[in-house]
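S.K.: Numbering (this note's numbering), first residue to last: 8 to 165. Beta carbons are placed, not taken as given, at the ideal position from N, Cα and C, and that holds for glycine. Treat the numbers as computed from the prediction; the structure is a model and nothing was measured.
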């Protein structure tokens, strides 16, 4: 009798927890709807000149490894995550403009020159659609809009 009571109590407890965990609410018409998560802005620290220089240096090392293997998708994703999404002061941007342009140029040449810039195994797997997708993703960044005139790409004719 005691075992069955404990078992029933445990089952009821689990059912109530799972019901609460579903987090449903009702709208004006009385229908249930799931509660949507809201995006809470992260507290991102604004980088100074030294910190931004370190971010650029670290990215440059990662980019060289990606270019050796030919993983241009991760190259663009990391560029967006590390550099595009970094909150940087105006002074830090001015102080590191040369390094910023070098990194930008490296990424731009790598994705727009396709197979001629990297011979890694991952490069050979990329299709024309993959290149088009990563080029659009890169071209939509704010850095691209700021620095697009910096590197003039001329396709190599053979």
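I need the straight-line Cα distance from residue 93 to residue 14, nearest angstrom please.
M.R.: 53 Å
S.K.: Look up residue 133 in the DSSP assignment and say whether it is helix, strand or coil.
M.R.: If DSSP states are grouped into helix, strand and coil, residue 133 belongs with coil.
S.K.: For residue 147, does the three-state DSSP call read helix, strand or coil?
M.R.: coil
S.K.: Got a sec? Which residues, its chain only, sit under 8 Å from residue 98 by beta carbon, not counting five neighbours each side?
M.R.: Cβ neighbours of residue 98 beyond the five flanking positions: 55 and 56.
S.K.: In terms of alpha-carbon separation, which member of 103, 84, 12 and 101 lies closest to residue 146?
M.R.: 84
S.K.: Return the bridge partner residues of residue 205 from the DSSP annotation.
M.R.: As shown, the chain starts at 8 and ends at 165. That puts residue 205 outside it, with no answer to give.
S.K.: Based on Cα-Cα distance, which residue from 102, 141 and 119 lies nearest to residue 59?
M.R.: 102
S.K.: Please tell me whether residue 110 and residue 53 are closer than 8 Å, where the distance is taken between their beta carbons.
M.R.: no
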